[in-house]
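Next comes the structure, spelled out in structure tokens:
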């Protein structure tokens, strides 16, 4: 099934690259498009980003490299790690499932954003 698809520029504005079936090839309902083993992130809060400030720099005796210590300025979330864009989860669960293959190229056509074009609903599922 992997040789039936290719990576190309997405037809959705500012969506980057996407997975497409090769010319003349279509998938049937229920057919595997690409295997998608996943990395399980048990707590999606671990992907939250916070403002940090440098506490101090110091030399480590066993290593010539400088070590920097940071501390969180506040508990205000300022963003999410980029990895979250490629993961799926459920709002009632803290777990995220992140594909460990090129399955990340499959656009799930989320209704959370208006991407324009013909993005109405997902055309593939995990």
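In our numbering, the protein residues as written are 11 to 136.
In this text, a Cβ means the ideal position worked out from N, Cα and C, and glycines have one as well.
Note that the structure is predicted; figures quoted are calculated from it, not measured.
DSSP bridge partner residues for residue i (one or two, in chain order)
i	result
residue 102	DSSP output for residue 102 lists no bridge partner at all.
residue 29	17
residue 89	59
residue 109	48
residue 79	66
Reference residue i; option with closest CA among the options
i	options	result
residue 59	53, 86, 41 and 38	86
residue 32	17, 40, 46 and 41	17
residue 101	27, 79, 55 and 63	55
residue 91	29, 27, 57 and 43	57
residue 49	97, 15 and 88	97
residue 89	108, 38 and 62	62
residue 103	80, 53 and 79	53
residue 108	26, 81, 47 and 78	47
residue 113	39, 64 and 45	45
residue 94	82, 51 and 79	51
Cβ distance (whole Å) where residue i is taken to contact residue j below 8 Å
i	j	result
residue 29	residue 15	5 Å
residue 64	residue 78	6 Å
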